[in-house]
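Residue numbers for the sequence shown follow the numbering used here, so the first one is 10 and each next one is one higher. Backbone N, C-alpha and C define an ideal beta-carbon position, used for all residues, glycine too. Please read the structure below before turning to the comments.
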Amino acid sequence: MKHFVRTAACVAAFLPALPVLSIAQDAGSTLPLASDAPAASRPAAAIEAGGASDCQPVIQALDAAIKTGQAELDRQDWIRATASLKLAETSATQAAGACSGPQADEAQARLVNLRGMIQLAEDKTRRIKECTSLTRQASSVDVKAAMAQAAKKESAELLRHYDEAVKLWTGAVDACDGPARERARRNLADTDKARAAIAELSDSGPECEAGHRGAASMQDLGKQAFQERRWADAALLFRKSASMYEMAGEKCHGRQADVAQTRFNQVMVDAHNAEYCAPVFDRAREKAQQLKAAGPGEPLATRQEMSRNTEIAWREAAVQCRGSAAELALNNAQRLSKERGTPLPDTVLAAIKATAVQAEPLVQLVPPAAPVTATKAVAVAGSAGALATATTSASVPPANPLAGITDTIGSVAKRVTSATTPAAPEPAPAQAAAKPAAPPQPAEFDVNGAKFAGVFQRDANGTTYSGNGSITWPNGDRYNGTLAMGKREGKGSFTWASGQSYAGDWKNDEPNGQGSMRFPNGDQYEGAVMRGMPNGSGSMRFARGDFYSGDFVNGVPHGKGSFLGKNGHQYAGQWAAGLKEGNGTYTWPNGDKWVGVFRKDAQTDDGDLVRADEQAKGKQASAS
Numbered sequence: 010m011k012h013f014v015r016t017a018a019c020v021a022a023f024l025p026a027l028p029v030l031s032i033a034q035d036a037g038s039t040l041p042l043a044s045d046a047p048a049a050s051r052p053a054a055a056i057e058a059g060g061a062s063d064c065q066p067v068i069q070a071l072d073a074a075i076k077t078g079q080a081e082l083d084r085q086d087w088i089r090a091t092a093s094l095k096l097a098e099t100s101a102t103q104a105a106g107a108c109s110g111p112q113a114d115e116a117q118a119r120l121v122n123l124r125g126m127i128q129l130a131e132d133k134t135r136r137i138k139e140c141t142s143l144t145r146q147a148s149s150v151d152v153k154a155a156m157a158q159a160a161k162k163e164s165a166e167l168l169r170h171y172d173e174a175v176k177l178w179t180g181a182v183d184a185c186d187g188p189a190r191e192r193a194r195r196n197l198a199d200t201d202k203a204r205a206a207i208a209e210l211s212d213s214g215p216e217c218e219a220g221h222r223g224a225a226s227m228q229d230l231g232k233q234a235f236q237e238r239r240w241a242d243a244a245l246l247f248r249k250s251a252s253m254y255e256m257a258g259e260k261c262h263g264r265q266a267d268v269a270q271t272r273f274n275q276v277m278v279d280a281h282n283a284e285y286c287a288p289v290f291d292r293a294r295e296k297a298q299q300l301k302a303a304g305p306g307e308p309l310a311t312r313q314e315m316s317r318n319t320e321i322a323w324r325e326a327a328v329q330c331r332g333s334a335a336e337l338a339l340n341n342a343q344r345l346s347k348e349r350g351t352p353l354p355d356t357v358l359a360a361i362k363a364t365a366v367q368a369e370p371l372v373q374l375v376p377p378a379a380p381v382t383a384t385k386a387v388a389v390a391g392s393a394g395a396l397a398t399a400t401t402s403a404s405v406p407p408a409n410p411l412a413g414i415t416d417t418i419g420s421v422a423k424r425v426t427s428a429t430t431p432a433a434p435e436p437a438p439a440q441a442a443a444k445p446a447a448p449p450q451p452a453e454f455d456v457n458g459a460k461f462a463g464v465f466q467r468d469a470n471g472t473t474y475s476g477n478g479s480i481t482w483p484n485g486d487r488y489n490g491t492l493a494m495g496k497r498e499g500k501g502s503f504t505w506a507s508g509q510s511y512a513g514d515w516k517n518d519e520p521n522g523q524g525s526m527r528f529p530n531g532d533q534y535e536g537a538v539m540r541g542m543p544n545g546s547g548s549m550r551f552a553r554g555d556f557y558s559g560d561f562v563n564g565v566p567h568g569k570g571s572f573l574g575k576n577g578h579q580y581a582g583q584w585a586a587g588l589k590e591g592n593g594t595y596t597w598p599n600g601d602k603w604v605g606v607f608r609k610d611a612q613t614d615d616g617d618l619v620r621a622d623e624q625a626k627g628k629q630a631s632a633s
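As structure tokens, then:
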């Protein structure tokens with residue numbers, strides 16, 4: 010019992026310490042570390058040392074990601090830059106959580122900057138995708154339009170394609186940047202130009218459009234026959250195509266009439282070459298191939314003879330062909346002569362020239378105008394002063410036509426007769442010495458069909474009249490104004506039986522000075538006139554609603570001038586021989602402009618397309 014009590018007491022003596030030992034052993038088998046204590050109980054130096062250890066790897070990863078993303082931004086590789094910058098954003102977020110103090114603040118600032126860079130890269134990526142999509146769509150529609158045009162589809166269908174293409178290319182210009190945007194601008198300008206040509210053809214009316222389409226189809230058949238070496242068939246088809254272009258030129262006006270003229274001339278050349286040039290050209294080409302195949306193994310004399318025969322064949326082709334085919338044949342002949350070193354004898358060359366076939370002349374597609382009748386000055390003879398000779402009329406061809414300008418600013422009108430009237434003929438020889446001036450004639454008198462009305466007096470030479478009044482010829486032509494020695498001089502007006510008229514200044518029996526012209530088709534000109542044609546500053550108002558004002562030379566726009574088409578198209582700038590040539594501005598009805606250099610009535614690469622909305626934005630910016 011005592012032993013039990015002592016044991017219990019011993020145990021009791023140890024009881025206060027047991028709970029403490031038990032708690033320490035439950036905490037782990039190792040001694041607790043100071044760093045495991047709460048941060049509030051840790052020294053500041055210990056916190057900074059631990060943060061730097063955990064933060065440094067994350068900061069390094071962040072720096073590497075930012076460097077990669079920035080390099081891709083510099084290269085404008087927006088898609089890769091977006092991926093790299095998002096990786097850097099993740100590293101910056103980790104750094105902001107892992108670091109403390111200034112490093113944490115720096116990581117947070119980088120995170121804000123990175124998000125701005127990501128937004129930029131994403132915007133650029135989206136624009137690239139939009140640009141690529143619009144460019145692909147626009148190119149696809151351009152192909153559809155080209156295929157429809159090649160298939161000779163109606164202009165309404167072509168305009169639908171081109172309108173869609175213009176819309177898509179306009180969107181591409183807005184969506185793209187850098188080289189892609191410039192490419193879109195070029196395509197937009199080309200598509201605009203193609204659309205304007207189709208619109209002009211449509212505006213010319215269904216007969217003009219149908220005429221062009223039929224002529225082009227016949228021309229294509231001629232080309233096919235030519236490629237198949239069916240020379241006679243090709244010549245026939247080309248000539249039929251030329252006739253159809255001739256008829257189209259009569260139905261069209263403005264630029265479409267000029268297009269018909271150009272294609273008429275081209276097809277006439279093709280018809281001549283198919284009939285006369287192609288067989289001879291083929292023979293020359295066969296001889297050239299034989300000469301080439303002979304090689305250096307052939308004796309020199311043989312090769313020389315083959316060279317001479319081949320040159321003769323090419324020269325025969327040169328005199329039979331027209332256009333570029335003739336130039337090519339002649340160049341081949343001259344090259345052989347130079348290589349051989351001995352020219353062909355003059356007799357051979359003369360014989361070759363004698364074989365040339367005269368090509369049909371390339372005519373101007375001008376609708377026939379009524380001839381202007383020239384009335385010769387009335388001659389008077391006889392000592393008693395009696396009228397002895399008759400007034401004689403002679404039909405003379407009309408002078409060169411006045412320029413007309415198309416809806417797309419074009420070239421020369423084909424049907425306008427100038428106001429030039431024929432000069433008076435040489436007077437008949439007097440039978441006696443000149444008599445003194447005769448007294449005034451009656452108010453009205455007749456000289457072999459020519460009716461005079463007014464105040465006229467026979468001149469001292471006895472062969473002409475001077476005075477003021479009107480003269481009416483049997484064919485219906487009428488002049489009202491001043492005569493001096495039988496010639497129109499000063500102010501006067503002339504009206505042709507065809508309906509054409511001129512009123513203004515006359516000098517030496519021709520319209521010279523300032524005047525106005527009215528043509529049978531309703532066109533009207535006002536301005537400077539020289540030798541019966543518009544020369545100098547003037548304006549032309551066309552019956553179809555177009556208007557031109559500016560410089561003229563020999564009846565066509567030349568110098569500076571402006572044109573307003575009935576469909577709202579405008580051009581202001583330089584002209585040469587009736588065509589846009591030099592610096593100018595072309596304006597579409599929707600306000601878009603093309604400003605730059607024109608050559609041969611067409612835009613060049615030296616210019617800029619300015620959209621109407623861009624002009625409006627510029628004006629707003631200037632106003633603000």
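For residue 498, the uninterrupted beta strand (DSSP E) run begins and ends at 496 to 504, by DSSP. Secondary structure of residue 466 (DSSP, three-state): strand. For the set 146, 498, 522 and 530, the Cα lying nearest the Cα of residue 510 is the one of 530. Taking a C-beta distance under 8 Å as the contact criterion, residue 569 and residue 579 do not qualify as a contact pair. Linking residue 186 to residue 83 through their CA atoms gives a straight-line distance of about 15 Å. Within the DSSP bridge table, the entry for residue 602 names 596 and 619 as partners.
When rounded, the separation of the alpha-carbon atoms in residue 512 and residue 147 is 55 Å. For residue 487, the secondary structure class from DSSP, reduced to helix, strand or coil, is strand. Taking all protein chains shown into account, residue 519 has 16 or more neighbouring C-beta atoms within 10 Å of its C-beta and is therefore buried.
If you draw a 10 Å sphere on the C-beta of residue 279, you find 16 or more other C-beta atoms in it, and that means buried. Residue 333 and residue 272 have their alpha carbons spaced roughly 16 Å apart.
Judged by beta-carbon spacing, residue 175 lies within the 8 Å limit of residue 197, meaning their Cβ atoms are closer than that value. Distance from the CA of residue 620 to the CA of residue 269, rounded to the nearest whole angstrom, comes to 32 Å. Burial is judged here by how many other beta carbons sit within 10 angstroms of a residue's own beta carbon; residue 135 has fewer than 16 and is exposed. CA-CA distance, residue 93 to residue 112, rounds to 22 Å. Fewer than three Cβ pairs drawn from the segment 302 to 320 and the segment 252 to 264 lie within less than 8 Å of each other, which leaves the two stretches out of contact.
Residue 145 has its alpha-carbon roughly 15 Å from the corresponding atom of residue 195. Under the DSSP assignment, residue 534 falls in the beta strand (DSSP E) whose first and last residues are 533 to 539. Counting of Cβ neighbours within 10 angstroms places residue 114 among the exposed residues, the total staying below 16. Taking 8 Å as the cut-off, the Cβ atoms of residue 480 and residue 459 count as close. By alpha-carbon distance to residue 508, the top candidate from 209, 488 and 355 is 488. Counting along the chain, residue 482 sits inside no alpha helix (DSSP H), nor does DSSP assign it H or E at all.
In this structure residue 216 is not in contact with residue 265, their Cβ atoms being roughly 11 Å apart against a cut-off of 8 Å. CA-CA distance, residue 188 to residue 165, rounds to 33 Å. Taking 8 Å as the cut-off, the Cβ atoms of residue 544 and residue 562 count as close. Collapsing the DSSP output to three states places residue 332 in coil. Per DSSP, the continuous alpha helix (DSSP H) segment holding residue 290 begins and ends at 287 to 303. When the alpha-carbon of residue 162 is set against those of 172, 218 and 180, the nearest one is in 218.
Inter-residue distance for residue 241 and residue 574 is about 44 Å (C-alpha atoms, whole angstroms).
Put simply, the backbone Cα of residue 251 is about 33 Å away from that of residue 571. The three-state secondary structure of residue 451, taken from DSSP, is coil.
DSSP places residue 103 within a helical segment (H, G or I) once states are collapsed to three.
A distance below 7 Å between beta-carbons, with the five flanking residues on each side excluded, links residue 100 to the following residues of its chain, in chain order: 67, 70, 71 and 74.
Rounded to whole angstroms, the separation of the alpha carbons of residue 128 and residue 180 is 22 Å.
Remark: C-beta atoms of residue 498 and residue 515 approach each other more closely than 8 Å. In the displayed model, residue 528 falls within coil according to three-state DSSP, outside both helix and strand.
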